[in-house]
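J.: As numbered in UniProt numbering, residues 1 to 453 make up the sequence shown, in order.
Glycine included, every Cβ here is placed at the ideal spot set by N, Cα and C.
Remember, it's a predicted structure, so these values are computed and weren't measured experimentally.
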Amino acid sequence: MTETSNAQWHDEPTDYDQTGKLPRLRPASSEAPSLGSLNITAAATDPELLDLPWHIALEQWPASALAALPRGISRHIVRFAHLGGSVIAVKETSEHIARHEYHMLRKLQRLDVPCVEPVAVISGRTTPEGEELDPVLVTRHLKFSLPYRALFSQTLRRDTLTRLIDAQALLLVRLHLIGFYWGDVSLSNTLFRRDAGSFAAYLVDAETGELYPELSTGQREYDLEIARVNIAGELMDLAEGGLIEEKVDPLATSELIMDSYRRLWTELTEKESFELGERWRVGARIRRLNELGFDVEEYAIKTAANGTQIQLQPKVVDAGHHSRRLLRLTGLDAQENQARRLLNDMDAYRADNNPTLDEEFSAHLWVNEVFEPIVRAVPRELGGKLEPAEVVHEVLEHRWYMSEREDRNVPMAEAVQSYLDDELRHRRDEAAIMLTADARTIGIDEDSEYGDN
């Protein structure tokens, strides 16, 4: 389109070692973009970006350019649009904030933290009349993810709330371990994906985030207090609208993130002392961390001066223990709890069929004989209900319950058909729900994945 024909593409920032906010760049007037040209900072040149109406204020974008996601009250204008085969979120803000958030999200991705994918920062926008428009940050919508408000049927049950808050606490711990101070922790600024009966949390907003070599206890506690206060306010809002069970106390429930966070942080970082004869506790500590989904790449062991006591402290802890093992054995990319469940079935498959077979070869057979047949059995019209790893997890659970109820070993094919007919067919389409649902269909006030950005 003519308004974007002068677009100037720039590489993303390369000062990845820099911590904290980017400096405010103040180019001389001679360096300012000319009217009608765009400055696009992106990791890759995506020509389809040029097809969007950047010469129009975001609030006035035509419906033909938008994806039909519900949007909520926010301090920024946010719109959703199709870009190729994906959906993007476009947020109008200042250029400095947009570049800072883009920079932070790129860093978090490199550090393997669950967050939305930054696509571009676009500045130099002007109307055909020459009026300047605000720059925008473009991120990619996370497929199969839901804002917490979209997880309602009619009311949000207490155990679902607890699982959401546990996922939020785990995300916050992971951020703090790498030295990231969020500054605006809330359920609204988080997206959730189903993860084998639990949820996996993804950071959406990094606008207030800062990255440091290490966080102080005060910084961590302040982030935690922000989370507690924000979650309490969100739950009070839900209670006022009758969207959570009446027996749920918003204030008491918001305290759960404090308890969940501190238990996990202690397990990951606390020094542990034990007697010399209890050396088995070293392996036990590492197994507990593995069960929580973390790997210990290094640990320090010190003995007391009298040689009667050992002190253990994990030095480097990495999240994604089960996900990495599943990826190494099968090439399947799954959430942590999904990976744990699939690995359990894979190990049982090996024990039942080929206990002496090489682990990697047995995993290959499991993919061919268990995972792929289940995924292929899902009809095309049901393919957007859940992501494949979650479908396989639910089929395995469904088969176990069927076998218990009927007191027989239910064949996999029978279990799959029963699951498709009795369970999956009646689920809402989570790959597309945020692209088609309005506030009435999901029983909530309009809200976007950007919460109160």
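Please list the segments of the beta strand (DSSP E) lying wholly inside the region 73 to 148, counting only runs of 3 or more residues, in order along the chain.
T.: Within the region 73 to 148, the complete beta strand (DSSP E) runs of at least 3 residues are 78 to 83, 86 to 92, 117 to 123, 136 to 140.
J.: In angstroms with no decimal places, state the Cα-to-Cα distance between residue 183 and residue 386.
T.: As a first step, residue 183 must be located in the sequence shown, where it is residue number 183. As a first step, residue 386 must be located in the sequence shown, where it is residue number 386. Taking the straight line from one Cα to the other gives about 32 Å.
J.: Looking only at DSSP bridge pairs, what is residue 190 linked to?
T.: Taking the sequence shown and counting its residues from 1, the one referred to as residue 190 is at position 190. Bridge partners of residue 190: 203.
J.: In three-state DSSP terms, what is residue 216?
T.: Locating residue 216 in the sequence shown gives position 216, counting from the first residue. Coil at residue 216, not helix or strand.
J.: Cβ atoms of residue 191 and residue 254: under 8 Å apart, would you say?
T.: On the sequence shown, residue 254 is found 254 positions in, with the first residue counted as 1. On the sequence shown, residue 191 is found 191 positions in, with the first residue counted as 1. The answer is no: Cβ separation not under 8 Å.
J.: From residue 142 to residue 275, what does the alpha carbon distance come to, in whole angstroms?
T.: Against the sequence shown, residue 142 aligns to sequence position 142. Against the sequence shown, residue 275 aligns to sequence position 275. Roughly 48 Å separates the two Cα atoms.
J.: As an exercise, report each continuous alpha helix (DSSP H) stretch of at least 4 residues that is fully enclosed by the region 377 to 422, in chain order.
T.: 388 to 406, 412 to 422
J.: Whose CA, out of 48, 193, 147, lies closest to the CA of residue 335?
T.: Walking along the sequence shown from the start, residue 335 turns up at place 335. Out of 48, 193, 147, 193 has the C-alpha closest to the C-alpha of residue 335.
J.: Is DSSP giving residue 249 helix, strand or coil here?
T.: Indexing the sequence shown from 1 puts residue 249 at position 249. In the structure shown, residue 249 sits in coil (DSSP, three-state: anything other than H, G, I, E or B).
J.: Here's the rule: buried if 16 or more other CB atoms are within 10 angstroms of the residue's CB, otherwise exposed. What is residue 353?
T.: Here residue 353 refers to the residue found at position 353 when the sequence shown is read from its first residue. Counting Cβ neighbours within 10 Å, residue 353 comes out exposed, since fewer than 16 surround it.
J.: Are at least three pairs of beta-carbons, each pair with one atom in the region 204 to 211 and one in the region 97 to 107, less than 8 Å apart?
T.: yes
J.: Return the CA-CA distance between residue 84 and residue 48, expressed in angstroms with no decimal places.
T.: Position 84 of the sequence shown, counted from the start, is the residue given in the question as residue 84. Position 48 of the sequence shown, counted from the start, is the residue given in the question as residue 48. Cα to Cα, the separation comes out at about 7 Å.
J.: In three-state DSSP terms, what is residue 195?
T.: Position 195 of the sequence shown, counted from the start, is the residue given in the question as residue 195. Strand at residue 195.
J.: Please classify residue 62 as buried or exposed, where buried requires at least 16 other C-beta atoms within 10 Å of its C-beta.
T.: Your numbering for residue 62 matches position 62 in the sequence shown. Sixteen is the threshold: since fewer than 16 other Cβ atoms of the shown chains lie within 10 Å of the Cβ of residue 62, the residue is exposed.
J.: If distances are taken between C-alpha atoms only, which option among 42, 408, 339 comes closest to residue 199?
T.: Working through the sequence shown from its first residue, we reach residue 199 at position 199. Cα-wise, what sits closest to residue 199 is 339.
J.: Quick check on the DSSP output: the beta strand (DSSP E) that includes residue 323 runs from which residue to which?
T.: For the purposes of this step, residue 323 is identified with residue 323 of the sequence shown, where counting begins at 1. No beta strand (DSSP E) contains residue 323, which is instead part of the alpha helix (DSSP H) from 321 to 330.
J.: Under a three-way DSSP split, which group does residue 336 fall into?
T.: If you number the sequence shown from 1, residue 336 lands on position 336. In the structure shown, residue 336 sits in a helix (DSSP, three-state: H, G or I).
J.: Should residue 124 be labelled buried (16 or more other beta-carbon atoms within 10 Å of its own) or exposed?
T.: Mapped onto the sequence shown, residue 124 falls at position 124. The residue is buried, with at least 16 neighbouring Cβ atoms inside 10 Å.
J.: Grab the span of the alpha helix (DSSP H) containing residue 362 for me, first residue to last.
T.: If you number the sequence shown from 1, residue 362 lands on position 362. Boundaries of the alpha helix (DSSP H) harbouring residue 362: 359 to 366, taken from the DSSP string.
J.: From the DSSP output, in three-state form, read off residue 66 for me.
T.: Reading the sequence shown from its first residue, position 66 is the one you call residue 66. Reduced to three states, the DSSP call for residue 66 is coil.
J.: Return yes when the Cβ of residue 58 is within less than 8 Å of the Cβ of residue 119, no when it is not.
T.: Translated into the one-based positions of the sequence shown, residue 119 becomes position 119. Translated into the one-based positions of the sequence shown, residue 58 becomes position 58. Inclusion of residue 119 and residue 58 in the CB contact set at 8 Å is not warranted, their separation being larger than that value.
J.: Three-state secondary structure (DSSP) at residue 275?
T.: Counted from its first residue, the sequence shown places residue 275 at position 275. Strand.
J.: If residue 392 sits next to residue 419, beta carbons under 8 Å apart, how far is it from one beta carbon to the other, in whole angstroms?
T.: On the sequence shown, position 392 is the one that residue 392 refers to. On the sequence shown, position 419 is the one that residue 419 refers to. The beta carbons of residue 392 and residue 419 sit about 10 Å from each other, so the pair does not count as a contact at 8 Å.
J.: Should residue 168 go down as buried or exposed, given a rule of 16 or more other Cβ atoms within 10 Å for buried?
T.: Within the sequence shown, the letter at position 168 stands for residue 168. Buried, since its Cβ has 16 or more Cβ neighbours within 10 Å.
J.: How would you write the range of the alpha helix (DSSP H) that residue 256 sits in, first residue to last?
T.: Numbered from its first residue, the sequence shown carries residue 256 at position 256. For residue 256, the uninterrupted alpha helix (DSSP H) segment begins and ends at 256 to 269.
J.: Give the straight-line distance between the Cα atoms of residue 114 and residue 170, rounded to the nearest whole angstrom.
T.: Position 114 of the sequence shown, counted from the start, is the residue given in the question as residue 114. Position 170 of the sequence shown, counted from the start, is the residue given in the question as residue 170. Straight-line Cα distance between these residues: approximately 11 Å.
J.: Note down the Cα distance separating residue 238 from residue 197, rounded to an integer number of angstroms.
T.: Within the sequence shown, residue 238 is the residue found at index 238, counting from 1. Within the sequence shown, residue 197 is the residue found at index 197, counting from 1. Between residue 238 and residue 197, the C-alpha separation is close to 23 Å.
J.: Three-state secondary structure (DSSP) at residue 356?
T.: Within the sequence shown, the letter at position 356 stands for residue 356. Coil at residue 356, not helix or strand.
J.: Please check the pair residue 345 and residue 370, which I expect to be a contact at CB under 8 Å, by giving their CB distance rounded to whole angstroms.
T.: Indexing the sequence shown from 1 puts residue 345 at position 345. Indexing the sequence shown from 1 puts residue 370 at position 370. That belief holds up - the Cβ atoms of residue 345 and residue 370 are roughly 7 Å apart, short of 8 Å.
J.: Assign residue 29 to buried or exposed, taking buried as 16 or more other Cβ atoms, counted over all protein chains shown, within 10 Å of its Cβ.
T.: Looking up residue 29 in the sequence shown gives position 29. Bear in mind that the predicted position of residue 29 carries a pLDDT of just 38, short of 50, making it unreliable; the figure below should be weighed with that in mind. Residue 29 should be labelled exposed.
J.: Any idea what DSSP makes of residue 162, helix, strand or coil?
T.: As a working mapping, residue 162 is identified with position 162 in the sequence shown. The answer is helix: DSSP assigns residue 162 an H, G or I state.
J.: Who are the Cβ neighbours of residue 337 in its own chain at under 6 Å, not counting the five residues just before and after it?
T.: Locating residue 337 in the sequence shown gives position 337, counting from the first residue. Correct list, in chain order: 195, 196, 198.
J.: Per DSSP, what kind of secondary structure is residue 49 in: helix, strand or coil?
T.: By one-based count along the sequence shown, residue 49 stands at place 49. In this structure, DSSP gives residue 49 a helical state, which the three-state scheme calls helix.
J.: Return the chain-ordered list of same chain residues with a C-beta closer than 7 Å to the C-beta of residue 416, the five sequence neighbours on each side being excluded.
T.: Your numbering for residue 416 matches position 416 in the sequence shown. The residues are 374, 377, 395.
J.: Do residue 122 and residue 40 have their C-beta atoms closer together than 8 Å?
T.: Position 122 of the sequence shown, counted from the first residue, corresponds to residue 122. Position 40 of the sequence shown, counted from the first residue, corresponds to residue 40. In terms of Cβ geometry, residue 122 and residue 40 form a close pair [threshold 8 Å].
J.: Per DSSP, what kind of secondary structure is residue 292 in: helix, strand or coil?
T.: To locate residue 292, count along the sequence shown from 1; it is residue 292. The answer is coil: DSSP assigns residue 292 none of H, G, I, E or B.
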